[in-house]
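Residue 344 in this note's numbering is what sits at position 344 of the first sequence, and the numbering runs on without skipping anything.
Using N, Cα and C, we set each Cβ at its ideal position, and we do this for glycine too.
All of these numbers come straight from a predicted model, not from anything done at the bench.
Take a look at the structure set out below.
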Amino acid sequence: MVERVQAVRGMNDILPEAVPWWQMVEATAREVLELYGYREIRTPLVEKLELFARSIGESTDIVEKEMYAFADRKGQWLALRPEATASVVRAFIEHNLQADPLARKFYTIGPMFRHERPQKGRYRQFHQIDAEVFGIDDPLLDAELMVMLCDFLERIGLADVALHINSLGCPACRPSFREDLKRFLHHRAPSLCPDCDRRRHVNPLRVFDCKVDRCREALTGAPQLLDHLCEDCARHFEKVQSYLGGLGVPFMVDPRMVRGLDYYMRTTFEVITDRLGAQNAVGGGGRYDGLMRDLGGPDLPGIGFAIGMERLILLLQQGRSLQGPAPEVFMAVLGEKAVSEAFRTAQALRRSGLGVEMAYGGGSLKSQMRRADKLAAAYVVILGEEELQRGVAVVRNMKEKSQKEVPLSGLVEFFSRRDGSSGGAPDRAQEPV
RNA sequence: GUGGGUGUAGCUCAAUAGGUUAGAGCACUGGGUUGUGGCCCCAGAGGCUGUCGGUUCGAGUCCGAUCACUCACCCCA
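Right under this line is the structure:
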């Protein structure tokens, strides 16, 4: 037997059955984000490796061991994007978009790549909905961004998720806190897990979200980031909270939430679920005011988030199904002579805007009816030689189980008259059978 | 990268302590009066038991390797 080529590990096919979910999520994302003034931008999947090393951080796991990096035919180091922010910032700088007063809020939807061991909710090619805003440091925007995220999640029908927020401080206050924390961790070093013992040198803040009990205990009495915020950061964070509170958006301050990309500062946030096993973050983001400058652009503040579409859809699918498009009309044909006329009729109906499926290869009327039923067609148009001679067709309403004869020349009109209510793809989530 | 679990029909699963021709449900195809769907009944098709090697008279079953899937660590969306 011939050996079969399989898909690359961790990279999934999205089959027609699942596509309605993806389309629903994407359409809702576009609708909601544009309501808040975001405009779509599309950047390449491949960038120079350097872009990610400089933005995400050389010592982060993503850059150190998870990137799909390769040299092209001319020896230039490239990488498949592991996230979207760096690319959007790059594009903003490259096209000098700060000159365009309309270009401040962006979104992009597409695949990202990280070479991790796949597991539930974590794949090597995965998809994100990503939003970024440049040039606004008003805490009102931080709040609006989170409100928008919650608004979106609510509209697609995701209820039981929690918004966690934190502030990571800024270059004015974080370094001194970092030193305090380092000193503290130095004393507790013997009781830390090996990972954290390493982390306390490289990225001490990350010790906070270690899940090992030992480490959690060792951290009691540790200096708190939120107590060390400078005046500006403290005021900023306070305003964010008060704006959120003002709209009645439930949130939780989580001082342990530290994010894994180096560029984050001040406001960070995550949307958490307890229904996805280990991968509990459905979406997350934060402020990155120094990033654009570090990438050689103007010194503009930035903030953004990313939503993991696979995780989102896993949650939405739990116990529910979403129906795909069904044809309005199924053309059933009897006898060779009727085929051409049926084909012509189907084409005329399609041009009038109806979805039409045909009985290819003929078969008994019974089998054709069965197929129409499986496809969930609203109507079956039956054309046999007998009807053909009289210039009519039988139109059967599958739901009503009623049928009548309609002149072939009047078919398009017949369907256009009852258009509006019956037409269109059913797009509603349904309970399982 | 590290550990655990699982690979039998398109899907979900069976197959007594190794023992003849590997079964069932769903799905699929055809039929149950001539040209009418869902329910029901009948029939049919569909598998080198992930792959390679080993033990044995004999392997779906035991052993090893490999690949894949899966869960967890790690990391993150």
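| Check | Outcome |
| --- | --- |
| Quick one: Cα of S59 to Cα of Y68, how far? | 16 Å |
| Could you give the DSSP three-state label for S321: helix, strand or coil? | strand |
| Closer than 8 Å is the cut-off here; do at least three beta carbon pairs connect the region 268 to 275 with the region 153 to 166? | yes |
| Please report the straight-line C-alpha distance between V5 and R42, rounded to a whole angstrom. | 31 Å |
| Relative to the alpha-carbon of D18, which residue among L225, S416, L322, S87 has its alpha-carbon at the smallest distance? | It should be pointed out that residue 18 corresponds to Ala in this sequence rather than to Asp. Closest by alpha carbon: L322. |
| According to DSSP, what are the bridge partners of A71? | W77 |
| Counting only runs of 4+ residues fully inside the region 6 to 56, write out the alpha helix (DSSP H) ranges in chain order. | 19 to 35, 49 to 56 |
| Relative to the C-alpha of L226, which candidate in L314, E400, P194, F177 has its C-alpha closest? | F177 |
| Straight-line CA distance for M369 to G353? | 22 Å |
| On the DSSP bridge assignment, give the partners of R122 in chain order. | Q119 |
| When we look at the beta-carbon of G246 and count the other beta-carbons within 10 Å, is it buried (16 or more) or exposed? | exposed |
| Comparing C-alpha positions only, which one of L295, P325, L276 sits nearest to G308? | L276 |
| Looking at G384 and L334, is the spacing between their C-beta atoms short of 8 Å? | yes |
| With a Cβ-Cβ cutoff of 8 Å, do C233 and G169 count as a contact? | yes |
| Measuring CA to CA, which of Q347, R9, M331 is closest to Y379? | M331 |
| Of the residues D294, E217, K211, which one's Cα is nearest the Cα of M257? | K211 |
| Over what stretch of residues does the beta strand (DSSP E) that includes F305 continue unbroken? | 302 to 308 |
| Rounded to the nearest angstrom, what separates A86 and L51 at their Cα positions? | 7 Å |
| Determine whether the beta carbon atoms of I313 and V25 lie at a separation below 8 Å. | yes |
| Beta-carbon within less than 8 Å of A189's beta-carbon, same chain only, minus the 5 sequence neighbours each way: which residues are those? | D197, R200 |
| Apart from the five residues just before and just after R214, which ones in its own chain have a Cβ nearer than 8 Å to its Cβ? | S191, L192, C193 |
| Whole-angstrom Cβ separation of V147 and V249, contact assumed at under 8 Å? | 6 Å |
| Is F251 helix, strand or coil by DSSP? | coil |
| In or out: E310 buried (at least 16 other Cβ within 10 Å) or exposed? | buried |
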